[in-house]
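Per the working numbering, residue 5 is the first one in the sequence shown, and the count goes up by one each step.
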Amino acid sequence: MRVKDVLRETDIVNYKKLMEMNNKKKSEKLSERDIRELMSHSSYTRHKGAIKQVK
Numbered sequence: 005m006r007v008k009d010v011l012r013e014t015d016i017v018n019y020k021k022l023m024e025m026n027n028k029k030k031s032e033k034l035s036e037r038d039i040r041e042l043m044s045h046s047s048y049t050r051h052k053g054a055i056k057q058v059k
């Protein structure tokens with residue numbers, strides 16, 4: 005059994021909190037600035053306004 009299954013049977017309040025936290029992580033959106041920071045190493049470059057992979 006997984007921890008999630010045991011928690012659902014024993015403590016429904018904490019199980020609901022866990023599921024809410026899990027759903028928030030899945031709906032996380034990255035901004036354009038976050039994407040630029042992730043791709044800031046040398047294999048990506050900006051060319052004519054678009055970010056392109058070089059290597």
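Virtual Cβ for every residue (Gly too), placed ideally from N, Cα, C.
Could you spell out the range, first to last residue, of the beta strand (DSSP E) harbouring residue i?
{"i": "Lys56", "result": "54-57"}
Could you pull the start and end residues of the alpha helix (DSSP H) that residue i belongs to?
{"i": "Arg6", "result": "First-last for Arg6: undefined, no H or E at that position."}
{"i": "Asp38", "result": "36-42"}
What number of angstroms, rounded off, separates the C-alpha of residue i from the C-alpha of residue j?
{"i": "Met5", "j": "Arg12", "result": "11 Å"}
{"i": "Lys20", "j": "His51", "result": "47 Å"}
{"i": "Ser35", "j": "Asn26", "result": "20 Å"}
{"i": "Val17", "j": "Lys8", "result": "12 Å"}
{"i": "Gly53", "j": "Asp15", "result": "52 Å"}
{"i": "Lys33", "j": "Val10", "result": "31 Å"}
{"i": "Val58", "j": "Met23", "result": "40 Å"}
Leaving out five residues on either side along the sequence, give the residues of the same chain with a beta carbon under 8 Å from the beta carbon of residue i.
{"i": "Ile55", "result": "Ile39, Arg40, Met43, Tyr48, Thr49"}
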